[in-house]
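What the sequence shown shows, in mature numbering (1 follows the signal peptide of the UniProt record, and there is no 0), is residues -18 to -1, 1 to 1209, in sequence order.
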Amino acid sequence: MRTTAVVLLCTLVVGLDSQNIGECPLGWFFHGQSCYEFIKDPLALYEEADKICKGKGAALVSVNSYDEHIFIIQQLKAIDIAKRYTWWTSGSEIDDRVKWEGDGQFADPNIEYWLNPAETDNPSIHVVYKYSYLQAGYGWQKQARNVKSSYICEIPRAEVHRLVQDERDFTFGTNIVDPNKVQTGPSFIIQPTDVVITERTTTASLECVARGNPQPDYRWYKGSNQTDEVVATKTITVTNGKLTFDNVSETTTAGAYQCVASNKFGSSLSDIVYVTYGYLREYSNVPPGAVNASQYQGTYINCNPPSHKPGATFQWMRDGKKGLEFLMPQLNNYYFVSQGGNLYFSEVQAVDTGYYYCSVTLSAGQTGTLTTDQPTSSLSLGIKLSVGSQSAAEYPPEIHDGFPIVYPTNPVRGMTIYIECLAYGRLPLYYSWTRKNKPMPSRARATDLNRVLVIENVQLEDEGTYECLVKSSRATSSVKEYTLSIGAKPYYVSPLKNIHADINSELTWRCEAVAIPRATFTWYKNTKPLLPVPGQIDITSNVLKITSLDPARDSGMYQCSAENSHGITLSGAQLRVLSVKPSFFRNPLPMTMYGAMNGNITIPCRPEAAPTPEISWLRDGVPIGARTGLHVMYNGDLRMTRMQLSDEGLYTCEATNVNGKAQSHCKLTVINQMSFIQTPVTTDVDYNNTAFLQCEVSYDTRYDLIYRWTHNGRVINITQNAHYRIGERINIRGLYIMYADFHHTGYYECQALTTRSMIKSGATLTVKGPPGEPAGIYADLYSRTPHSLRLKWTPPPDHGSPILYYIIESKTQYNPEWKVQVANISEQDALLSDPGSGMDKRTFMVTGLKPFNDYFFRVRAKNSYPTLGPISIPSDSYHLDGAAPVVAPRKVTGGGGTVGVLTITWSPLPLEDRGGNSIGYIIYWRLQGDTTAYKQVMKTGDVSQHVEDVGLNNYYLQYEVIIGAFNEFGYGPNSTIAIVYSAEGMPTFVPKNIRGDGVNSTSIYLTWDPVPNTRQAMKGVIQGFELNVEDFNDPNRKSGTTYLYGVHTTGTIIGVEPNSDYWVTVQVFNTAGESNPSERYRISTYLNAPFLYPEYVTISSHGSESVAVKWRGISTGLLEESIKGYKLEYWPRGENFRAAKTVITNKVTNAVIYGIQKDVIYSLRVLGYSNGGDGKKSPTQYFTLGGHVPVDPTISFMIQVGGGTQITQSLVIVLIISTLATYIPIL
């Protein structure tokens, strides 16, 4: 059963004694006794939304009243102006009732708000809010859990202390104003990645980069338990966070590695990465079996690749007019090469007869990087395809049994997956894909004549049932389904956040992960596993709770590890436990405030302190006394209503905690005009979060007042823009900017207007997040070489966080896929002041380019936010001058051909790799072990094969082969040495001592002495044996050949006639041909198997797990062998006959079958056997442990329940009726 997904969100709850009960935090809206958060974007699966809300201490919304329903739809109308979102609730339908999982209550059936009454028949169970244009409003609809939607979180106002609302940062409790001077613990910004080394790898490296102040130090460990530190040696270099290996090997280099970054605040772990030793074994020298196919029908050839790790890619070759030729499925629509390696033919033709070769090349798969440009490859021995003649017929398309199939076979979120579909049938065939009940994913595309559906960066919401439809031009079709399930390595919806908590307070951190299968969790402090401590630290799976926080004991770097079968993911943050004397350094009281006569005013008091201070107020140095309209708010603010001249004075807020006290003063003047109490202040907000700009005036309440806001000089239409809302926060009026986007950055002005006057004040809002899009990508042509180019670009807006590094991607006119050309270019390395342009520019010399190509480039940036910034618009194309090729030819292999030749093949260089207009190849070869110079020959043009005459005596010898490429500019690098065999000669050895006998009436068994599989005897290696048969009495009457592939000393010929005599001979063959036939040997076959089948089969109960079977025996005639006994074949009804078990008796006509299971219906057939073979089988009988079950198929039927075959009460009734109908006359 598939494991339910769990969502990964790391968050916290910090308990503060003075937290207000009931005040909804920023971004939440209150109604009744609850606070609500409407999260429009990013969209989430049901499990993600559920766990995100729970991670905040809340839950998905439960709708328990009509008023609450009206409140929700009013909010949705204001937020979702386009009316295109659906919104998750906690509702699920159970037994025709809606249950709210948020509070465990069932909805009142009288207040259900379905958009369509028929919605209750929808098989989905989860309730969402959705807008209906037909109903002209919002209502309920059911939706599947794997659809991404917006969602609504709800929490009782009495429990808002559980919400995450700590707005402290690393400057809290300090006098630091420059963020670059803030000291922090280490956190990783660049994680190391897996690499695959091979026998051809000389150097490999791992790199991690962390930020922190002071600058972190780095250590590397081998293994995952931090016990085996990697130290610098002659072959290992450790430079900051980069670990470099020289002279790599499987025994010393391969393994798991982890980077640790440390400074005075603590230590953090990087992701665990693996250095894997990749290998590709050689194919076996045992020749593979042949494949026989009929003309115009489909077939396939199995690659059977040798053992390899971690992955492989496949190509196929065949014998052609000029030797081995690569197959091109994109040019021949009846070929199909599966990701699994097999070669398929939709239909075969006579011209397809020949030998086929599977070429396997080592790859790193989708999880790592291969550290060599010339991966190992191996070529199979020839696999013979024999096509038998057959008259043409209109075969309709039939999707092969193994399709559709997905690769990788265990797809994981983030991979690129390939769903393949292949049908047999007469061409042309037309393929198409659909997804049942859902649209196709936006990242899906069909390739390879639509036979492959590719989904890049596959996500959990891409799960579903995909249908492959294959049509022919003759209006026939075939369709099959594939249900796609996606696994998920644990991933974080939101990473852990840095916490700045009060001393002696309580901390609860939650670590929730999207993980399929379910994740297990481990907590770390400063890289060491964190263990429970009674009374101090409690760890329950993904929840960490620390009571009575202590700075010396608890401050440090914390990480949560989520692990499942797909890997481990870490999220980390710093915990600062603070004990700080109260300070008004950042938030002093206003020096002067003006209040209007008969107006209201709030004097804010927001000191920084830890633990939370006690607040007291004084006026003119004397504690304030009680009067009507004077209130000290829960958060320490002083609120006055209907002010009079007697309220003027010097007001002092005094904050006191265990570390001391601090004061701040404000002079209040009461005037007879409107004045600001709170003005907008410069504010920063993270992308997609909510900001609040305060603005409140004191005015004579006898006059009407309105507030008007402008953004960059333009009046904001609050009612038409879902991003803006006027409201209150902590008793102060202001403007909410919700789901803040970067275009909301700018100057906001608050205007307060009455019928008598207007005053205004403004401030700047900055939306922070990932950097923007780099602009103006162009190349410095004066720096251009055939292999490099200096790029320049205008840096993007950093959106409030300095840019850390850039990534440059490239593509050429020959290869349309973008690839990372240079990764992790630091801002310092790219910094350039360009006096010529008068603008700040960034620049980098891009190397490793391929000559004679037209290159396009694009750039993206990264700052401290988790996601990368958007990709720039591609540059213009830049042509590089030609130069010698920079890539060596690949897939060097060969073999085969006529005796006395050495056939060498390779993959021609793609146009992108040629470096010029012309191309040629230098072929080097020599006998393995020969120390003389290589022989060589040069070939020009787009060639991929060379055949060299090496002499008849040099059959089947190993040659060292090297291929190099050249063009009009020079010579490129050579390939690594490949071992290629010269062609085989005709076998000279003849099989000896042929013996045999008849097996039954239609088959013959042969034996012969072992054939020496040596170069001298075989002039190669044994490919197989030919077993030839001809009629003893008439050589022209009938003859045939049976092929056995591989090394054998026995064989069976089937399809001969009963009671006949035959001459048989044996030949051995290799790829060059067959040996001479062996001496002839005479063999006779038996008479026929029994023609009749046993009758009157009855079954009766015999024991607790057995039945007794009786039947009437059979007799044999003159053309049949004498009966030897009987066989009883039985199997559970509904299962394949191949699952049948057999009971064998002698000539008796009864038997007992043991091991019969209760409540299972069995099928039974009885047959006689002799030396001539098995006879005909009796008609199928049915029985259970209770005995015979008579069934008349014209009036009765059977029912299969679930996955097993059981007899049910309804079935028993049917069978009884059937039995009665058999034995009682119809009245």
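Note that beta-carbon positions come from the ideal geometry of N, C-alpha and C, so glycine has one too.
These figures come from a predicted structure and were not determined experimentally.
If you check the CB distance, E264 and P288 come in under 9 Å. When beta bridges are read from the DSSP output, L251 appears opposite V242.
For S628, the secondary structure class from DSSP, reduced to helix, strand or coil, is helix.
Per DSSP, the beta bridge partners of L1009 are T1024, V1048.
Taking the Cβ atoms as the reference, K1001 lies roughly 30 Å from Y903, outside the contact range of under 8 Å. Counted as a single uninterrupted DSSP element, the stretch harbouring C403 is not any beta strand (DSSP E), since DSSP gives it neither H nor E. Within its own chain, the residues whose Cβ lies closer than 8 Å to the Cβ of A272, once the five positions on either side in sequence are excluded, are I365, K366, L367, S368, G1006, Y1025, Y1027, listed in chain order. At least 9 Å separates the beta-carbon of K1092 from that of Y1075.
Rounded to the nearest whole angstrom, the CA to CA distance from S523 to K510 is 17 Å. Between R193 and L786, the C-beta spacing is below 9 Å. Where A812 is concerned, the enclosing alpha helix (DSSP H) starts and stops at 809 to 812.
Here P871 has W888, S889, L891, Y903, I945, A947, S957 as same chain residues with Cβ atoms under 7 Å from its own Cβ, once five neighbours each way along the sequence are excluded. The beta-carbon distance between G879 and A805, rounded to whole angstroms, is 46 Å. This is too long to meet the 8 Å contact definition.
An exposed status is given to D863, since fewer than 16 other beta-carbon atoms sit within 10 Å of its beta-carbon. For Y48, the uninterrupted alpha helix (DSSP H) segment begins and ends at 48 to 61. Our two residues, L512 and P848, have alpha carbons roughly 26 Å apart in a direct line. Looking at the backbone, the Cα of P1161 and that of V1171 are separated by about 14 Å. For the pair L557 and A483, the CB atoms are nearer than the 9 Å cut-off. For P784 and N845, the gap between their C-alpha atoms comes out near 6 Å.
Excluding residues up to 5 positions away in sequence, V177, I179, F227, V230, T353 lie with their Cβ nearer than 6 Å to the Cβ of A186 in the same chain. It is roughly 58 Å from the alpha-carbon of Y203 to the alpha-carbon of L934. Shown here for V640: same chain residues with a beta carbon closer than 8 Å to its own, the five before and five after excluded, namely S561, P593 in chain order.
The distance from the Cβ of L675 to that of Y633 is about 25 Å, inconsistent with a contact at the 8 Å cut-off. When the beta-carbon positions are compared, V452 and Y412 come within less than 9 Å of each other. Secondary structure of Y1151 (DSSP, three-state): strand. For D444, the three-state secondary structure derived from DSSP is helix. A direct Cα-to-Cα measurement between A332 and G370 gives close to 8 Å. Assignment of P99 by DSSP, reduced to helix, strand and coil, places it in the helix class. Sequence-distant partners of I158 (beyond 5 residues in either direction) whose C-beta falls short of 7 Å from its own C-beta, in its chain, are V164. Scanning its chain for C-beta atoms nearer than 8 Å, with the 5 sequence neighbours on each side dropped, one finds around K462 the residues I381, F385, P386, C403, E449, C450, in chain order. T175 is positioned such that its CB atom lies closer than 9 Å to that of V255. The way I'd put it, the segment 14 to 26 does touch the segment 35 to 55; three or more beta-carbon pairs between them come closer than 8 Å. By the C-beta density criterion, G86 is exposed, having fewer than 16 other C-beta atoms within 10 angstroms.
When the beta-carbon positions are compared, P753 and A637 stay at least 9 Å from each other.
Burial state of T1034 is exposed, judged by a 10 Å Cβ sphere holding fewer than 16 other Cβ atoms. Exposed is the label assigned to R977, since fewer than 16 other Cβ atoms lie within 10 Å of its Cβ.
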